[in-house]
Amino acid sequence: MFKTLNKMLFVSALLCALPLVADEQAKGLAIAQEQKARDRGWVESESELQMILRNAQGRESARRMRTFALEVQGDGDKALTIFDEPLDVRGSAFLTHSHPTAEDDQWLYLPSVKRTRRIASRNKSGPFMASEFAYEDMTSFELEKFSFRYLRDEACGELQCYVVEQTPTDTFSGYSKIIVWVDQAHYRVIQAEYYDRKASLLKTLTASDYRQYLDKFWRPHKLHMLNAQTGKSTDLVLETIRFQTGRTAADFDVSALERAR
Amino acid sequence: MNTPLPFILRRPWLVLLASLLLIFMCSAGLSKLYFRGDYRIFFAPDNPQLQAFEQMQAEFNKSDNILIGIAPKDGQVFQPALLQLIEDYTDAAWQTPYSIRVDSLSNYQHTVAELDDLQVDDLVRNGAALTTAEIAAIKQVALAEPVLVNRLIATNGAVTAINITLQLPEPTGQQQVDEIWHFVRALSDEFAAKHPDVTFYHTGIIAMNYAFASEAEADVKRLVPIMLLAIILMLAWLLRSAWAAFATLIIIIVTVTSTLGIAGWLGIFMSTATVNVPTILMTLAVADSVHLLACMQLALREGKSKPEAIRFSLQRNWLPVLITSVTTAIGFLTLNFSEVPILRDLGNLTAVGVMLACLFSLTLLPLMMWVLPLKAAKNVERSAAKMDWLANQVVQKQKPILYGFVILTLISTALLTLNEVNDEPNEYFAKSTAFRQANDFMEQNLSGFTSVDFALSGAGEGAIAQPEFLAALAGFSAWLAEQPEVMHVNTLSDIIKRLNRNMHQDDPAFYRLPDTAEEAAQYLLLYEMSLPFGLDLNNQLNIDKSATRLTATLYNLGSKEIIAFEQRALEYVASNFPTYQVTAASAALMFAHIGERNMASMLSTLPVALLLISLLLVFSLRSLRLGVLSLIPNLVPAIIGFGLWGLFIGEINLALSVVAGMSLGIIVDDTVHFLAKYRYARLEGRDNEQAVRYAFHSVGRALWITTMVLVSGFAVLIFSSFRLNSDMGLLTSGIILIALIVDLLFLPACLLKLDKSKDEKHVQNA
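Residue numbers (the UniProt record's numbering), protein chains in the order written: chain A, 1 to 261; chain Y, 1 to 766.
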């Protein structure tokens, strides 16, 4: 008798909670959709980046690269990254065609052997250029890659943020979840916490120095990724960014890799 | 003699209250006491090998690990069920707390060139569904891959391993180690239930840390009951009084709880070394109590009333008990000069405990005996008669005894050189422990537990891609692999060679280093881009790619061999590749060096301790001559003990290097008692022969009794599952026993020879 009562209570509690969970998911998705919508229409850009790797003792090492990016309607974006430093990898070019649902296509052109190699992109969770960023942190943000859940509102610095939990749908992701702080005024990512597959905090991303381009698009000029487990960190500094440079889809073709400089 | 002690008997309630308050306040610290097994407790923060190790861990990722050996009973790893097991275990292992990396046969990142693709993927996927042909292909790849063979897969394919690398937060507590251990054990148990035909072994740094702490805890649980039993038996035999035994037990218990409580207050943790404190203290506290109680019983026998007997015993014994406690404490305090922090803790705690035992024996014990019934001594005549007989023998055969001992001492001194310092963490554990069995099995069937990491650094950013550097790395790796001590070398040069082959359509002719720095750097770029989470090269490359870490896995060797290997390797690089820097570090190297360092520091403090104790004897005996003479019985037992050790065992580990200092403080007690009585008789005007007889008659029995107590107390440590503790128990109890023989034979023979009557004047005036 007592047990049945308990069960009934439990079930009714569950029934009450269910719409709540659905609400949270809907709100989370809505925030992500707005985030995506606000970043639509930039067409293409060219940027110069510096990456500063730092170990737990504070020793530093720098990498330099340029990235050309192309917005693709109806599919994931395309990006071409050309490495400038260190000198021994100068001219290496990394092309990605990201896809919302399918695996991304990736190619790397190696100037020393004048060859392009396709990379099996199952492994997108490893470090990018030995930094604290993984390839999957840098690829284009696609709604289909995550399920979302709104958690709460919270102050983030001077701003007010939505806190949203993103759960990767891809089993090959290195993360169990990502908690993202998105500012309510402009839907920009201010902070993100990445949790590894055993659900321990792995690293924290802090985005700062946001500047607005074309009166619409916000770009962070500094991304700081700190590994909570090893104490290593990486700064990704956006030195310059230009829009509407005249590049077309042909510049993002595999055959264009060997011409890229 | 005017003593402060009657005060104890005049104001018993005050003394009782003060003692109870002290006991209560000290013991309250017990709740703060905890076990810690992190192997770093053996090393002081300024230990150069520890610093080199931490430096390397900071530059590359940490290398703390737990290794799970997987051994199918039929010796066939390459079969669907087993491969699936490895895959499932690997997946599950990523859930290990604090894990940052899991390496196994299944998630080994196999690279193949396919047209213009570089396929980088797990070597085993869906193991259970693999065909015989696919498994044969996997086997061929695995057994030809230098990264895997003798590290994660045995050459005959019979045993495999999964290595979990952990990043533990600093400072590491035992709690994290336990968490990891219990998680992995639960995993193994779960898989073992599903695969009854597979055996799992656990080794690696975490397993060692866990074993250090858990075996220490088991030691307490095993040894303390044996100790209590031994004490009860001994007291029943020696005192023949249940109440006296009860009072002694109370003294022992309050001494141990107060001391451990103080440890708790001071933040000193229980470790493989400090776990001996209770057993050692019990032994030493029993000795104090037995002295006092035996004397009370004698006084009762002589017809004194109980209060008189207690007063008599206190007056006769307070000074000797105090002096012997102080000398024992000094002996233990010499451990402060040890290189090993936990041995310092052992010394300090025991020294504190010895003084507490002294205090409680002189206050609580008489108070308790005031209330408790006590029987007079029996059989005193019989043992006194035996002692008189012994005294006769010594007097009659003084020359053979004297020269016999001189010769024995000389031989033992020569035998000392047979001792070699050797510290091998694996050997610290008895063969019966799970950790030792896992290590021994893995060494025989796959790979050793001992490893040495080398960091080879070039000049400037990206140096590791330069052809000259890679040639040096490959040369050094090949040299390492040829060494008889080495089972496996994990090196970047093997990866670069493989990538070069991949970039040339898997043509075996290209399994060599690329010609230019650009090629090497770009291959690495491609490879690093292709690796999944956790399987990157950050454990082998530093952030500016100026240095690489290579790991040599060795057979489980003694410290001499490891140090020799390290020196040879460093010299090889220095003479063949002088442009590059090389450093070596590992837990095994730290242990290899600690024994030598500890021995050197302990040997240098021994003379200081000896001098201090001798000075104390000179003052307490009020005789320079006897103080100097006391050097003989204080030194000879350790010489004979270590000489015999050299003859029969010959291996000195870091616990043994402290035995000399420690036992010195204990064996001095016998000398003090014997010489005090001897001098008393001399002062009364007897000649040296009569004085020797008097000393035998009055303290012979007491010496015999306390020696029996001490020997059996330290002998209990022989049952420890740590070789550090069992060796220490064996040698210390041996030295104490030898000390009794020396005190009853060699010392009187010396006195008869060297302290002739013409010196009587000198003795009196000194």
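Where a beta carbon is used, it is the ideal one built from N, C-alpha and C, also for glycine.
Out of Y/Gly646, Y/Glu571, Y/Leu531, the CA that lies nearest to the CA of asparagine 422 of chain Y is found in Y/Gly646. Non-local C-beta neighbours of tyrosine 162 of chain A in its own chain, meaning closer than 7 Å and more than five positions away in sequence, comprise Ile31, Tyr150, Asp153, Val182, Gln184, ordered along the chain. For a cut-off of 8 Å, the C-beta gap from methionine 270 of chain Y to phenylalanine 35 of chain Y is around 5 Å, short enough to register as a contact. Glycine 665 of chain Y has its alpha-carbon roughly 20 Å from the corresponding atom of arginine 625 of chain Y. The alpha-carbon of isoleucine 164 of chain Y is positioned some 9 Å away from that of threonine 90 of chain Y. Counting only Cβ-Cβ distances below 8 Å, lysine 222 of chain A has no contacts in chain Y at all, with the closest Cβ about 19 Å away.
Think of a sphere of 7 Å around the beta carbon of tryptophan 94 of chain Y: the chain A residues whose beta carbon falls inside it are Arg197, Lys198, in chain order. Assigned with DSSP and collapsed to three states, glycine 69 of chain Y falls in strand. In this structure, serine 106 of chain Y sits near leucine 123 of chain Y, with a CB-CB distance shorter than 8 Å. Taking 8 Å as the cut-off, the Cβ atoms of arginine 101 of chain Y and leucine 535 of chain Y count as close. With a 10 Å radius around the Cβ and a threshold of 16 neighbouring Cβ atoms, lysine 114 of chain A comes out exposed. Asparagine 576 of chain Y is classed as exposed because its beta carbon has fewer than 16 other beta carbons within 10 Å across all chains shown. Annotation for threonine 167 of chain A: Phe146, Ser147, Lys177 place their beta carbon closer than 7 Å to its own, counting only its chain and skipping 5 residues before and after. Short of 6 Å from the beta carbon of lysine 27 of chain A, and not among the five residues preceding or following it, lie these beta carbons of its own chain, in chain order: Tyr150. For glutamate 651 of chain Y, the secondary structure class from DSSP, reduced to helix, strand or coil, is strand. Counting every other CB atom within 10 Å of its CB across the protein chains shown gives arginine 259 of chain A a total below 16, marking it as exposed. Linking valine 394 of chain Y to leucine 745 of chain Y through their CA atoms gives a straight-line distance of about 6 Å.
In the three-state reduction of the DSSP assignment, lysine 177 of chain A falls in the strand class, which pools E and B. Taking a C-beta cut-off of 7 Å against chain A, the contacting residues of the region 512-532 of chain Y are Thr516, Ala517, Glu518, Glu519, Ala521, Gln522, Leu525, Leu526, Glu528, Met529, Ser530, Leu531, Pro532, listed in chain order. In this structure, the beta-carbon distance from asparagine 500 of chain Y to valine 147 of chain Y does not fall below 8 Å. Per DSSP, the beta-bridge partners of proline 127 of chain A are A/Ala134. Taking 8 Å as the cut-off between beta carbons, the residues of the region 99-122 of chain A near chain Y are Gln106, Leu108, Leu110, Pro111, Ser112, Val113, Arg115, Thr116, Arg117, Arg118, Ile119, Ala120, Arg122, in sequence order.
If you check each beta-carbon in the region 41-71 of chain A against every beta-carbon of chain Y, the ones closer than 8 Å belong to Leu53, Arg54, Asn55, Ala56, Gln57, Arg59, Glu60, Ser61. If you check the CB distance, alanine 69 of chain A and alanine 79 of chain A come in under 8 Å. The beta carbon of glutamate 59 of chain Y falls within 8 Å of a beta carbon belonging to chain A, placing the residue at that interface. Scanning the region 368-412 of chain Y for uninterrupted beta strand (DSSP E) segments of 3 residues or longer gives nothing; none is fully contained.
The C-beta of tyrosine 213 of chain A has fewer than 16 other C-beta atoms within 10 Å across all chains shown, which makes the residue exposed. Comparing alpha carbon positions, the residue from Y/Val692, Y/Arg679, Y/Phe648 closest to leucine 731 of chain Y is Y/Phe648. When C-beta distances to chain A are compared with 8 Å, the residues of the region 453-469 of chain Y below that value are Glu461, Gly462, Ala465, in chain order. Leucine 535 of chain Y belongs to the set of residues whose beta carbon lies under 8 Å from a beta carbon in chain A. Against serine 99 of chain Y, the close residues of chain A are Lys198, in the order they occur along the chain (beta-carbon pairs closer than 8 Å). Glutamate 424 of chain Y sits in coil when the DSSP states are folded into three classes, being neither helix nor strand. Residues of chain A whose Cβ lies closer than 7 Å to the Cβ of isoleucine 543 of chain Y are, in chain order, Leu53, Asn55, Arg59, Ser61, Ala130. Residue-level contact check: methionine 56 of chain Y does not touch chain A, since none of the beta carbons of chain A fall below 8 Å from its beta carbon. Less than 8 Å divides the Cβ of glycine 69 of chain Y from the Cβ of phenylalanine 441 of chain Y.
Here DSSP, grouped into helix, strand and coil, assigns histidine 697 of chain Y to helix.
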